[in-house]
Amino acid sequence: MAGAGHRTVRDWHRYQYRRDDRGQHGFDDAFRLHRDRRRSEPRRPPRIAHPSVRCQHHRERGDIPGSEGTRAVEGSGRDNCERESEAGANLRFEWDVQAIVKTAEQLDQEILELIGQGLENRDDAQFNRLALDLFEYQFARNQPYQNFCHRRGVEPAGVSSWRDMPAVPTSAFKDAALACFPVEQAAVVFETSGTTQSTAKRGRHYLQTTDLYRESIIPNFAAHLLTDEATPPLLILTPPPEDAPHSSLSFMMGVVAGEFGRRGSNYFIRDGQLEARRLADALQMAVGFGEPVILLGTAFAFVHFFEWCEENQQSFRLPKGSRAMETGGFKGKSREMPKEELWQLFDDYLLLSSDRIVNEYGMTELGTQFYDVKLNLSTHKFVPPWSRVLIVDPATGDEVGMGERGLIRIFDLTNRSSVMAIQTEDIGIRRAQGFEVIGRAIGAEARGCSIAADEFLAANQRQ
247 MAGAGHRTVR DWHRYQYRRD DRGQHGFDDA FRLHRDRRRS EPRRPPRIAH
297 PSVRCQHHRE RGDIPGSEGT RAVEGSGRDN CERESEAGAN LRFEWDVQAI
347 VKTAEQLDQE ILELIGQGLE NRDDAQFNRL ALDLFEYQFA RNQPYQNFCH
397 RRGVEPAGVS SWRDMPAVPT SAFKDAALAC FPVEQAAVVF ETSGTTQSTA
447 KRGRHYLQTT DLYRESIIPN FAAHLLTDEA TPPLLILTPP PEDAPHSSLS
497 FMMGVVAGEF GRRGSNYFIR DGQLEARRLA DALQMAVGFG EPVILLGTAF
547 AFVHFFEWCE ENQQSFRLPK GSRAMETGGF KGKSREMPKE ELWQLFDDYL
597 LLSSDRIVNE YGMTELGTQF YDVKLNLSTH KFVPPWSRVL IVDPATGDEV
647 GMGERGLIRI FDLTNRSSVM AIQTEDIGIR RAQGFEVIGR AIGAEARGCS
697 IAADEFLAAN QRQ
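The C-terminal residue of the sequence shown carries number 709 in my numbering, and the numbering is unbroken.
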């Protein structure tokens, strides 16, 4: 416990007066960035620079560390504060925000260390500490997000759990540059797709570095698709990264191919066209040599290939050990297909049963992917240690009960460059070991997404 002569950060909050040009006193926002972390770990000295205080009155009272025991002189007080101000200038503590909040490099290093600890690590306290640090960082450096938090009445000083951090709707990435750095310095910019959107209204996700993205992809993919000792050739139904530099999915496939691609691996979409005949030749070669393959692509690309197979009376009995990963839905496409019907097509044309088909749930606005764990005889999505998922009631925002459905809300530490807390427009079911994805929100559930989007826009009008 702090001694009588030692003031804690919490003590200092009583003295953070400022006066605006109307003579009103209140709390200083920059000061409130620094808070008592309310953690179970032993208290350590604050990671802050000594504050420079223009107000002589507070120094005389001994309210500042290093000036304890100095008694207030007669005549000191708020009158002195006002006399020291000029032309109604604000009086405030001058904090070095970079001394209060961890740097991007510090956060990246700690998040990479968490990723490196493996997929079995479920240290909730470690995740919460990192999430709180990241929330402080993003609140301080991402102005649109800070505006949104202010509208919700939330600041880092009042947050002790990752569950309480405001989640921005995915539509916010269309309406503002949600970045913690100058966007012209972005290492890569991922854009949302959709045939009905103009380029100007596409969502954009700015990454200051791709390190977190890359390092989180590799162990997650391997655990859910590479269950055998040998790695089969990867047959990829997406454009290569050089053909789609703003596609997060193509970037992910590039990382996977670079890490796990062996001889025979290849891409089968070029210049926006599926090269169905070349893919069929590769599959026929695999069948002839008895060599398993892994097919990776979007659900729509697979449907396109199966339609080609039907037209050309082609089917394949893929060797044992073959599997497929399908991702994405049919948003912006002319037709929809239930997953059971899609799985039946895999069985009809490739002889792949549903337990050999893994769905990957991801989006442009996230750095982390969530895979089915069906290869381990389960049906839920796996949540990696560097992320957390809540299924929330669309009307209240509260977490639903086990087995109940609601909106999917994701907290992703790999989103260090942008916003960690993301409110999706997708419906899921809460499960004990993860969650299930049902589909896009409609009706009343979609109205919950719309309210959040309107709230974000209102918070950032004319900022």
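All residues carry an ideal CB built from backbone N, CA and C; glycine is no exception.
Per the DSSP calculation, residue i is bridged to which residue(s)?
{"i": "I654", "result": "I637"}
{"i": "R516", "result": "Q519"}
{"i": "E437", "result": "R450"}
{"i": "A570", "result": "L541, I603"}
{"i": "P415", "result": "Q669"}
{"i": "D618", "result": "K627"}
{"i": "G674", "result": "G652, V683"}
{"i": "I357", "result": "DSSP output for I357 lists no bridge partner at all."}
{"i": "L480", "result": "I540"}
Could you check whether residue j and residue i sit closer than 9 Å to each other, using their CB atoms as the reference points?
{"i": "S496", "j": "T660", "result": "no"}
{"i": "L529", "j": "L564", "result": "yes"}
{"i": "P415", "j": "C395", "result": "no"}
{"i": "I603", "j": "L542", "result": "no"}
{"i": "P465", "j": "I361", "result": "yes"}
{"i": "Y595", "j": "F562", "result": "yes"}
{"i": "A423", "j": "Y452", "result": "yes"}
{"i": "D379", "j": "D457", "result": "no"}
{"i": "T753", "j": "E537", "result": "For the chain, the structure presents residues 247 to 709; residue 753 sits outside this window and is missing."}
{"i": "G685", "j": "I637", "result": "no"}
{"i": "A225", "j": "P390", "result": "Only positions 247 to 709 of the chain appear in this structure, which leaves residue 225 out of reach."}
{"i": "M571", "j": "H470", "result": "yes"}
{"i": "S494", "j": "P485", "result": "no"}
{"i": "S439", "j": "R448", "result": "yes"}
{"i": "V434", "j": "F467", "result": "no"}
{"i": "V539", "j": "G510", "result": "yes"}
{"i": "D517", "j": "D489", "result": "yes"}
Report the residue from the options whose alpha carbon sits nearest the alpha carbon of residue i.
{"i": "A545", "options": "P465, S599, L588, L520", "result": "L588"}
{"i": "A371", "options": "P631, A526, F552", "result": "P631"}
{"i": "A532", "options": "P478, M499, M498", "result": "P478"}
{"i": "Q392", "options": "C426, G504, G643, R375", "result": "C426"}
{"i": "Q352", "options": "E366, A503, L591, Y383", "result": "Y383"}
{"i": "N367", "options": "F702, E701, S633, D644", "result": "S633"}
{"i": "A386", "options": "D410, W408, D421, A350", "result": "A350"}
{"i": "F535", "options": "F552, E505, K566", "result": "K566"}
{"i": "V665", "options": "R460, I656, E671", "result": "I656"}
{"i": "D410", "options": "I697, V635, E671", "result": "V635"}
{"i": "E521", "options": "F551, E505, G504", "result": "F551"}
{"i": "A403", "options": "F381, T625, Q707", "result": "F381"}
Rounded to whole angstroms, what is the Cα-Cα separation between residue i and residue j?
{"i": "R651", "j": "I688", "result": "13 Å"}
{"i": "M583", "j": "V549", "result": "9 Å"}
{"i": "R523", "j": "Q615", "result": "30 Å"}
{"i": "Q363", "j": "E611", "result": "24 Å"}
{"i": "L653", "j": "Q669", "result": "8 Å"}
{"i": "R676", "j": "N558", "result": "42 Å"}
{"i": "L597", "j": "M499", "result": "24 Å"}
{"i": "V347", "j": "T642", "result": "31 Å"}
{"i": "S663", "j": "G399", "result": "23 Å"}
{"i": "E701", "j": "F419", "result": "14 Å"}
{"i": "K627", "j": "Q679", "result": "8 Å"}
{"i": "G647", "j": "Q519", "result": "44 Å"}
{"i": "A667", "j": "I515", "result": "33 Å"}
{"i": "C555", "j": "V629", "result": "35 Å"}
{"i": "E710", "j": "G649", "result": "One cannot answer for residue 710 here, as it falls past the ends of the chain, which runs 247 to 709."}
{"i": "R375", "j": "E359", "result": "13 Å"}
{"i": "L234", "j": "R569", "result": "What the structure shows of the chain is the stretch from 247 to 709, and residue 234 is not part of that stretch, so it cannot be assessed."}
{"i": "R460", "j": "D618", "result": "20 Å"}
{"i": "D421", "j": "Q707", "result": "10 Å"}
With burial defined as no fewer than 16 other Cβ atoms inside 10 Å of the residue's Cβ, what is the status of residue i: buried or exposed?
{"i": "F681", "result": "buried"}
{"i": "Q454", "result": "buried"}
{"i": "V405", "result": "buried"}
{"i": "D658", "result": "buried"}
{"i": "T473", "result": "exposed"}
{"i": "P428", "result": "exposed"}
{"i": "S407", "result": "exposed"}
{"i": "E586", "result": "exposed"}
{"i": "D644", "result": "exposed"}
Hey, would you say the C-beta of residue i is under 8 Å away from at least one heavy atom of the ligand MN?
{"i": "S600", "result": "Ligands displayed in this structure: none; no statement on the ligand MN is therefore possible."}
Hey, is residue i's beta-carbon within less than 9 Å of any beta-carbon in chain C?
{"i": "E556", "result": "No chain C is part of this structure, which consists of one protein chain only."}
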